[in-house]
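Peer 1: For the sequence shown, the numbering used here begins at 58 and goes up steadily by one. Glycine included, every Cβ here is placed at the ideal spot set by N, Cα and C.
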Amino acid sequence: MLVSQVKNADGSITVVVREEGQGGRAVNNAQSLYALAMEAADGGKSLKAVVEAHGLGDAVDLEKAYAEGRLIAPITHPDPAHLHLTGTGLTHLGSAATRDAMHKKANEAAEETLTDSMKMFRMGLEGGKPKPGEKGVQPEWFYKGNGSQAVAPGAALTSPSFAEDGGEEPEMAGIYVISGKGVPFRIGFAVANEFSDHVTERVNYLYLAHSKLRQASFGPEIRVGEAPNDIRGFSRIVRDGKVLWEKPFVSGEANMSHTFANLEYHHFKYPLFRQPGEVHVHMFGTATLSFGDGIRTQEGDVFEIGADGFGLALRNPLAIAAEEEIEIRQL
Numbered sequence: 058m059l060v061s062q063v064k065n066a067d068g069s070i071t072v073v074v075r076e077e078g079q080g081g082r083a084v085n086n087a088q089s090l091y092a093l094a095m096e097a098a099d100g101g102k103s104l105k106a107v108v109e110a111h112g113l114g115d116a117v118d119l120e121k122a123y124a125e126g127r128l129i130a131p132i133t134h135p136d137p138a139h140l141h142l143t144g145t146g147l148t149h150l151g152s153a154a155t156r157d158a159m160h161k162k163a164n165e166a167a168e169e170t171l172t173d174s175m176k177m178f179r180m181g182l183e184g185g186k187p188k189p190g191e192k193g194v195q196p197e198w199f200y201k202g203n204g205s206q207a208v209a210p211g212a213a214l215t216s217p218s219f220a221e222d223g224g225e226e227p228e229m230a231g232i233y234v235i236s237g238k239g240v241p242f243r244i245g246f247a248v249a250n251e252f253s254d255h256v257t258e259r260v261n262y263l264y265l266a267h268s269k270l271r272q273a274s275f276g277p278e279i280r281v282g283e284a285p286n287d288i289r290g291f292s293r294i295v296r297d298g299k300v301l302w303e304k305p306f307v308s309g310e311a312n313m314s315h316t317f318a319n320l321e322y323h324h325f326k327y328p329l330f331r332q333p334g335e336v337h338v339h340m341f342g343t344a345t346l347s348f349g350d351g352i353r354t355q356e357g358d359v360f361e362i363g364a365d366g367f368g369l370a371l372r373n374p375l376a377i378a379a380e381e382e383i384e385i386r387q388l
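#1: Go through its chain and collect everything with a Cβ distance to phenylalanine 317's Cβ below 8 angstroms, but skip five positions before and after it.
#2: Put alanine 318 into one of helix, strand or coil per three-state DSSP.
#3: Between valine 260 and the rest of its own chain, which residues show a CB-CB distance below 7 angstroms, the 5 nearest in sequence each way excluded?
#4: Short check: CB of histidine 337 to CB of histidine 141, under 8 angstroms?
#5: Hey, is the segment 205–222 in contact with the segment 267–281, meaning 3+ C-beta pairs nearer than 8 angstroms?
#6: Tell me which residues share the same chain as isoleucine 362 and place their Cβ nearer than 6 angstroms to its Cβ, disregarding the 5 neighbours each side in the sequence.
#7: With the cut-off set at 8 angstroms, would you say glycine 146 and phenylalanine 199 are in Cβ contact?
#8: For a test of the three-state rule: what should DSSP assign to arginine 179, helix, strand or coil?
#9: Would you mind listing the beta strand (DSSP E) stretches within the segment 293–373 that are 3+ residues and don't spill past its ends, in chain order?
#10: Do you know whose CA, among Ala97, Gly334, Gln387 and Asn86, lies nearest alanine 138's CA?
#11: Could you tell me whether the Cβ of serine 69 comes closer than 8 angstroms to any Cβ of chain C?
#12: Using DSSP's beta-bridge definition, name the partner residues of proline 241.
#13: Are the Cβ atoms of glycine 223 and aspartate 254 separated by less than 8 angstroms?
#14: Quick check for students: name the residue ranges of the beta strand (DSSP E) that lie wholly in the segment 65–126, counting only runs of 3 or more.
#15: Closest to proline 131 by CA distance: which of Ala97, Tyr264 and Ser89 is it?
#16: Residue range of the alpha helix (DSSP H) that leucine 265 falls in?
#17: Within this structure, are the beta carbons of glycine 81 and alanine 116 separated by less than 8 angstroms?
#18: Helix, strand or coil for histidine 139, going by three-state DSSP, please let me know.
#19: In its own chain, which residues sit with a C-beta less than 8 angstroms from the C-beta of threonine 343, not counting the 5 before and 5 after it?
#20: Does DSSP put glycine 204 in a helix, in a strand, or in coil?
#21: Assuming arginine 386 is part of the alpha helix (DSSP H), what are its boundary residues?
#22: Is the separation between the beta-carbon of histidine 323 and that of threonine 143 shorter than 8 angstroms?
#23: What separation, rounded to the nearest whole angstrom, lies between the Cα atoms of valine 256 and arginine 289?
#24: Secondary structure at serine 218, three-state DSSP: helix, strand or coil?
#25: I'd like the list of long-range same chain contacts for leucine 182, defined as Cβ closer than 6 angstroms, with 5 residues on each side in sequence excluded.
#26: Identify whether histidine 255 lies in helix, strand or coil by the three-state DSSP scheme.
#27: What would DSSP say about methionine 159, mapped onto helix, strand or coil?
#28: Along the beta strand (DSSP E) that carries valine 281, what are the first and last residues, could you check?
#29: Taking 8 angstroms as the threshold (C-beta atoms), are aspartate 99 and glycine 237 in contact?
Quick look at the structure:
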């Protein structure tokens with residue numbers, strides 16, 4: 058089941074569900090996906106059961122809504138401060154050639170000659186897929202912001218004026234709500250653009266936090282349930298109506314050095330991230346970047362990211378913010 062949200066003229070939300078390749082239907086008496094998910098989490102039911110209990114109403118043309126700019130993030134929170142955008146890095150094996158090279162370097166190089174990033178990658182290779190009952194190694198982790206930084210599908214991803222780069226990162230994102238008893242529940246997975254400043258990140262790994270603290274987009278649809286073991290998708294940049302760059306990207310545990318369960322555990326092990334009623338959008342990393350191929354994005358470029366089985370592709374143009382005068386005042 059794929060689920061999305063459409064904003065209506067009166068400001069209300071229509072929750073839309075469909076199966077891949079079929080038309081969308083509105084969920085009856087649903088204020089939002091958040092409301093449905095919390096009803097499921099607090100009621101001990103599956104989301105599918107809650108949707109079936111509400112029933113389906115009118116047909117919804119998602120492509121038309123997308124073209125008209127009426128699609129919003131597939132989950133939102135009534136208070137954006139209670140939606141968290143976070144992620145993990147160094148989690149994917151990459152292409153076969155890259156995998157072989159990284160395995161060789163990670164396994165043969167002396168410990169003292171490895172970069173911190175390569176050490177982290179090797180830790181994931183050795184301990185990112187623990188046996189049942191065991192806890193795996195924790196991944197690199199980063200924070201992107203709260204719901205104010207979640208950009209709707211079709212809307213512009215805005216790079217800060219001080220940023221050195223505005224580049225795409227095609228990823229899978231896990232979507233979660235926390236029940237009233239503080240239990241994390243996964244709704245499913247969605248395509249995401251974990252928008253980053255790769256030039257700043259490349260200067261020094263300690264600048265990773267700076268490079269990530271910015272907007273992201275995900276959706277337009279959430280695939281409810283477990284993620285496929287092998288996910289195949291595409292990432293492209295369109296400039297002036299023509300494809301400037303395009304590459305396939307892969308995800309799913311068959312292409313990762315960590316299991317999703319291990320990455321989820323190391324996020325939600327912190328009580329801070331199990332606060333009742335909150336929403337988490339957690340991005341799981343990538344191995345495909347246009348920046349790695351020497352592409353420098355520019356304002357007006359359009360990022361397009363899609364994956365088989367995850368519904369409509371995610372599209373966002375790139376914008377660059379005007380410089381702001383920052384004044385710190387004394388009370």
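Peer 2: According to the data block:
#1: Answer for phenylalanine 317: Gly231, Ala284, Glu310 and Phe341, listed in chain order.
#2: Note: alanine 318 maps to helix in three-state DSSP.
#3: In the same chain as valine 260, and ignoring 5 residues on each side of it, no C-beta atom comes closer than 7 angstroms to its own.
#4: Yes, these two residues count as a Cβ contact at 8 angstroms.
#5: Below 8 angstroms, enough C-beta pairs join the segment 205–222 and the segment 267–281 to call them touching: three or more.
#6: The residues are Pro227, Val248, Asn250, Ser292 and Leu371.
#7: In this structure, phenylalanine 199 lies closer than 8 angstroms to glycine 146 by Cβ.
#8: Note: arginine 179 maps to helix in three-state DSSP.
#9: Counting only runs of at least 3 residues, the segment 293–373 fully encloses the following beta strand (DSSP E) elements, listed from N- to C-terminal order: 299–308, 336–340 and 359–364.
#10: Among Ala97, Gly334, Gln387 and Asn86, the Cα nearest to that of alanine 138 is on Gly334.
#11: Protein chain content of the structure displayed is limited to a single chain, and chain C is not contained in it.
#12: According to the DSSP secondary-structure assignment, proline 241 is paired through a beta bridge with Ile235.
#13: A contact, by the Cβ cut-off of 8 angstroms.
#14: DSSP runs (the beta strand (DSSP E)) wholly in the segment 65–126: 70–75, 81–84 and 113–117.
#15: Closest option to proline 131, Cα to Cα, is Ser89.
#16: Looking at the DSSP string, the run of the alpha helix (DSSP H) that includes leucine 265 is 265–269.
#17: For glycine 81 and alanine 116, yes; Cβs fall inside 8 angstroms.
#18: If DSSP states are grouped into helix, strand and coil, histidine 139 belongs with the helices.
#19: The residues are His149, Glu226, Pro227, Glu228, Glu251, Phe306 and Ser308.
#20: Glycine 204: helix per DSSP, three-state reduction.
#21: No alpha helix (DSSP H) holds arginine 386; DSSP gives it neither H nor E.
#22: No, Cβ-Cβ distance for histidine 323 and threonine 143 is not below 8 angstroms.
#23: A direct Cα-Cα distance of roughly 27 angstroms separates valine 256 from arginine 289.
#24: In this structure, serine 218 counts as coil in the three-state DSSP scheme.
#25: Only residues of its own chain outside the window of five on either side were considered, and among them Ser314 have a CB closer than 6 angstroms to the CB of leucine 182, listed in chain order.
#26: Reduced to three states, the DSSP call for histidine 255 is helix.
#27: Its pLDDT being 42, under 50, methionine 159 is placed unreliably in this model, and the coordinates cannot settle the point.
#28: Note, valine 281: beta strand (DSSP E), 279–281.
#29: The answer is yes: Cβ separation under 8 angstroms.
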